[in-house]
Amino acid sequence: MTEPYLVEAKELKKYFPIKKGLLGRVVGHVKAVDNVNFGVRPGETFGLVGESGCGKSTLGRVMLHLQKATGGEVRFEGRDIQQAGPKELRALREEMQIIFQDPMGSLNPRFLIRDLIGEPLRLHRKMSASDIDDRVIELMNLVGLDVNRRNRYPHEFSGGQRQRIGIARAIALNPKFIVADESVSALDVSVQSQVLNLMMKLQKELGLTYLFIAHGLNVVRHISNRVGVMYLGKLVEVAPADELFARPGHPYTKALMSAIPQPSPGQKRDRIMLQGEVPSPVNPPSGCRFHPRCPYAQDRCRTEEPLPQPIGFDREVACHFPLTVDL
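Here the sequence shown stands for residues 9 to 335, numbered as in the numbering used here.
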């Protein structure tokens, strides 16, 4: 029996209107997130992967109600946050936080580090200046930053250090759920591993739950318990990380896996080169959205949209003909 979800998306949609003319007439919609269903269990890391533009970051922001959903529900501990009023939403901000991709862009360059990390405490907690400073020191120690540098500005820190500042700010209010939106993609490989290890350490110590969004598959494999694969606004596969990487069930997942570099020069893997461009989310293909690029597509794929179907314990794939062979 699986554990109940801490955060859950039910038939979640996010459409962006396309406007034209002086009157701003709506002539279409960009279907960034289209009828997505999944959940994240307490204490786990759910990895979300896919090509650029597939809707990963939009999904993460809608899960936090940073962007309002077009349809569907986002439930946090059973509560639909889409229906929350201002007071309830303010309380939820303490429980749900985000780590942004660009550490420099997410930090106000005019603020001292102590003010940046302490800002959530000033907004949400009735704490004295000395108590806030004590908490800032505690947080900087937690993320491995020199507390003697708290009176400096963001530009005086390296990229990895700035991301640690962002992490310190995200955990300041002791949240339960954090969306890490491409949080290591802008960092050097050696720094990536340090930040990932820090996030895993904090998860164990603080009982955090992550939605980890990335396009680097090896990074996702290292940190995730379960992984969801997105294509053109839809989840095409959800599976435990080890099973997904050992035995992908969707043709798109298999193509992504084939692009992972092998650690040894002697190891080889047949690269699957997808034909054509990613279709437009304004006018997605009929049937399976992946069928124009799928090497296994059949007539049914062109006319009938596949629904998620179980292919094992805690695993499902949206494909009419799931793969059953290893790479």
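In this text, a Cβ means the ideal position worked out from N, Cα and C, and glycines have one as well.
Please read all numbers here as calculations on a predicted model, not as lab measurements.
Please report how far the alpha carbon of residue i lies from the alpha carbon of residue j, in whole angstroms.
| i | j | result |
| --- | --- | --- |
| V290 | L150 | 44 Å |
| N43 | I89 | 17 Å |
| E11 | I280 | 36 Å |
| I320 | S136 | Checking the sequence shown, residue 320 turns out to be Gly, not Ile. Using only the alpha carbons, I get a separation of about 53 Å. |
| L67 | K262 | 23 Å |
| A99 | R177 | 17 Å |
| E81 | D142 | 39 Å |
| H223 | E245 | 15 Å |
| Y161 | R170 | 10 Å |
| G86 | V197 | 38 Å |
| I268 | L252 | 13 Å |
| D110 | R308 | 42 Å |
| L153 | F54 | 27 Å |
| K95 | V48 | 25 Å |
| F119 | A305 | 54 Å |
| R130 | I173 | 17 Å |
| M207 | R33 | 45 Å |
Three-state secondary structure (DSSP) at residue i?
| i | result |
| --- | --- |
| G36 | strand |
| E16 | strand |
| V144 | helix |
| Y304 | coil |
| F84 | strand |
| F220 | strand |
| F253 | helix |
| G61 | coil |
| P178 | Note on residue identity: the sequence assigns Ala, not Pro, to residue 178. Three-state result, A178: helix. |
| K21 | strand |
| Y260 | helix |
| D196 | coil |
| L214 | helix |
| I26 | strand |
| K242 | strand |
| D334 | A caution first: D334 carries a pLDDT of 42, below 50, which makes its placement in the model too unreliable to give a value. |
| L139 | One detail in the question is off: residue 139 reads as Asp in this sequence, not Leu. Note: D139 maps to helix in three-state DSSP. |
| R229 | helix |
| R234 | strand |
| A247 | strand |
Looking only at its chain, what residues have a beta carbon closer than 6 Å to the beta carbon of residue i, apart from the 5 residues adjacent to it on each side?
| i | result |
| --- | --- |
| P50 | L14, T217 |
| C327 | H258, P314 |
| Y260 | Y239, V244, F298 |
Kindly indicate which residue of the options has the alpha-carbon position closest to the one of residue i.
| i | options | result |
| --- | --- | --- |
| P2 | L240, P318, I268, I319 | Here the chain covers residues 9 to 335 and nothing more, so residue 2 does not appear. |
| D250 | Y260, V237, H230 | H230 |
| N226 | V144, L67, M135, S201 | S201 |
| A77 | A40, C62, F185, D307 | A40 |
| L147 | S166, E190, I121 | I121 |
What residues in its chain sit with their C-beta under 8 Å from that of residue i, if we drop five residues either side in the sequence?
| i | result |
| --- | --- |
| L214 | I179, N182 |
| L74 | I106 |
| P318 | E324 |
| V187 | G68, R69, M71, L72, M104, Q105, I106, I107, Y218, L219, I221 |
| L97 | H73, I89 |
| G126 | I140, D141, R143, V144, A180 |
| G167 | P111, M112, A194, L195, D196, V199 |
In the DSSP assignment, what are the bridge partners of residue i?
| i | result |
| --- | --- |
| V286 | Bridge partners of V286: none, in fact. |
| Q317 | V325 |
| K134 | Per DSSP, none; premise fails for K134. |
| V187 | I106, L219 |
| T53 | Y218 |
| F298 | DSSP output for F298 lists no bridge partner at all. |
Quick one: residues in its chain with C-beta nearer than 7 Å to the C-beta of residue i, no 5 flanking neighbours on either side, listed in chain order?
| i | result |
| --- | --- |
| K311 | Sequence check: residue 311 is Thr here, not Lys. The residues are S294, G295. |
| F46 | A17, G236, L243, V246 |
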